[in-house]
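Just below is one structure, and these are the notes that go with it.
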Amino acid sequence: NAGVMQNPRHLVRRRGQEARLRCSPMKGHSHVYWYRQLPEEGLKFMVYLQKENIIDESGMPKERFSAEFPKEGPSILRIQQVVRGDSAAYFCASSGPTNTEAFFGQGTRLTVV
Amino acid sequence: GNSVTQMEGPVTLSEEAFLTINCTYTATGYPSLFWYVQYPGEGLQLLLKATKADDKGSNKGFEATYRKETTSFHLEKGSVQVSDSAVYFCALSDRGNAGNNRKLIWGLGTSLAVNP
Numbered sequence: 764n765a766g767v768m769q770n771p772r773h774l775v776r777r778r779g780q781e782a783r784l785r786c787s788p789m790k791g792h793s794h795v796y797w798y799r800q801l802p803e804e805g806l807k808f809m810v811y812l813q814k815e816n817i818i819d820e821s822g823m824p825k826e827r828f829s830a831e832f833p834k835e836g837p838s839i840l841r842i843q844q845v846v847r848g849d850s851a852a853y854f855c856a857s858s859g860p861t862n863t864e865a866f867f868g869q870g871t872r873l874t875v876v
Numbered sequence: 002g003n004s005v006t007q008m009e010g011p012v013t014l015s016e017e018a019f020l021t022i023n024c025t026y027t028a029t030g031y032p033s034l035f036w037y038v039q040y041p042g043e044g045l046q047l048l049l050k051a052t053k054a055d056d057k058g059s060n061k062g063f064e065a066t067y068r069k070e071t072t073s074f075h076l077e078k079g080s081v082q083v084s085d086s087a088v089y090f091c092a093l094s095d096r097g098n099a100g101n102n103r104k105l106i107w108g109l110g111t112s113l114a115v116n117p
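As structure tokens, then:
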């Protein structure tokens, strides 16, 4: 059973470009969480999704950020018009039916130049 | 709101030394508590967890006991190894959130370096 897969591992974008981060949850997992780890800071919750539904997006910046978890395919975290302050590690976690333990991917490290 | 506070690092120890990383929390309800470890260049791995008061989580020689009276979940290991060098995160999951939401609230992480 493959773990949570995130790609790309490293992403470099110029200011103003779009960044798309992908997360494939573990097989059988229908809960997906996205977290952001800014340099020298801890992780912060961004969004919680189930298949085709956003359940809690209270940690998402109000503009430029969006997330989806379609019926088929990976969850996508999309950042439009990136700025230098978006440079961070973005982690995805998934959990199974009982939703009691989250398994993390290796993260995508976004660098905005 | 819910929060987690853990001791600041970095912590530097010699091999076979005793390790304690303090973690305290503030939460409504009855959260589950976790320790995650992040090795250099890697993602986050669950190290151990406890879901109710007085539970002890343990794994790979690490232990932590859920103390409701002191709102603490300190991480301990009797004899650290060089391979334990990593960043350790304390986190809580509030089971009282709306619906099935189990989002994690994180401490800032404590960097541990173990020298041979």
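First to last, the protein sequences are chains A and B. When the letters of the first sequence are read in order and numbered with the working numbering, they come out as residues 764 to 876. When the letters of the second sequence are read in order and numbered with the working numbering, they come out as residues 2 to 117. The beta carbon of each residue, even a glycine, is placed where N, CA and C say it ideally should be. Because the structure is a prediction, the values reported are computed rather than measured.
Ignoring anything shorter than 3 residues, give me the beta strand (DSSP E) runs that lie fully in the stretch 33-98 of chain B, in order along the chain.
33-39, 45-51, 57-60, 63-66, 76-78, 87-94
Per-residue burial, Lys104/B [other beta carbons within 10 Å of its own, 16 or more giving buried]:
The residue labelled residue 104/B in the question sits at position 103 within the second sequence. Buried.
Can the beta-carbon of Pro788/A be found closer than 8 Å to that of Val795/A?
Within the first sequence, the letter at position 25 stands for residue 788/A. Within the first sequence, the letter at position 32 stands for residue 795/A. Cβ distance < 8 Å, so Pro788/A and Val795/A count as in contact.
Local conformation of Arg847/A per DSSP, three classes:
Along the first sequence, read from residue 1 onward, the residue named residue 847/A stands at position 84. In this structure, Arg847/A counts as helix in the three-state DSSP scheme.
Just to confirm, are Lys78/B and Leu20/B a CB contact at a threshold of 8 Å?
In the second sequence, residue 78/B corresponds to position 77, counting from 1. In the second sequence, residue 20/B corresponds to position 19, counting from 1. Closer than 8 Å, so yes.
Chain B within 8 Å of Ile818/A, Cβ atoms only:
Taking the first sequence and counting its residues from 1, the one referred to as residue 818/A is at position 55. Taking Cβ atoms only, chain B reaches closer than 8 Å to Ile818/A, which makes this a yes.
Closest Cα partner of Glu835/A within the set Lys807/A, Glu815/A, Val875/A:
To locate residue 835/A, count along the first sequence from 1; it is residue 72. The candidate whose alpha carbon is nearest that of Glu835/A is Glu815/A.
Under 6 Å Cβ to Cβ from Arg872/A, same chain only, skipping five residues before and after it: list those, please.
Along the first sequence, one-based indexing puts residue 872/A at 109. Cβ neighbours of Arg872/A beyond the five flanking positions: His773, Ala852.
The beta strand (DSSP E) spanning Phe946/A covers which residue range?
Chain A is shown only over 764 to 876; residue 946/A falls outside these bounds and no answer can be derived.
Members of the stretch 827-852 of chain A near chain B, C-beta cut-off 7 Å
none
Can you look up Thr13/B in the DSSP assignment and give me helix, strand or coil?
Within the second sequence, the letter at position 12 stands for residue 13/B. Note: Thr13/B maps to strand in three-state DSSP.
Please classify Gly791/A: is it buried, with 16 or more other beta-carbons within 10 angstroms of its beta-carbon, or exposed?
Here residue 791/A corresponds to residue number 28 of the first sequence, with the count starting at 1. Counting Cβ neighbours within 10 Å, Gly791/A comes out exposed, since fewer than 16 surround it.
Interface residues of chain B facing Asn770/A [CB-CB closer than 7 Å]
The count along the first sequence starts at 1 and reaches residue 770/A at position 7. Those within 7 Å of Asn770/A in chain B number zero; the least Cβ separation is about 13 Å.
C-alpha distance - Val805/A paired with Pro860/A, whole-angstrom precision
Within the first sequence, residue 805/A is the residue found at index 42, counting from 1. Within the first sequence, residue 860/A is the residue found at index 97, counting from 1. Going by the sequence as given, residue 805/A is Gly instead of Val. For Gly805/A and Pro860/A, the distance between alpha carbons rounds to 27 Å.
Drop a sphere of 10 angstroms on the beta-carbon of Tyr40/B, count the other beta-carbons inside from all chains shown, and report buried for 16 or more, exposed for fewer.
Along the second sequence, one-based indexing puts residue 40/B at 39. Answer is exposed; the Cβ neighbour count stays below 16.
Secondary structure at Ser787/A, three-state DSSP: helix, strand or coil?
Numbered from 1 along the first sequence, position 24 holds the residue referred to as residue 787/A. DSSP places Ser787/A in strand when its eight states are reduced to three.
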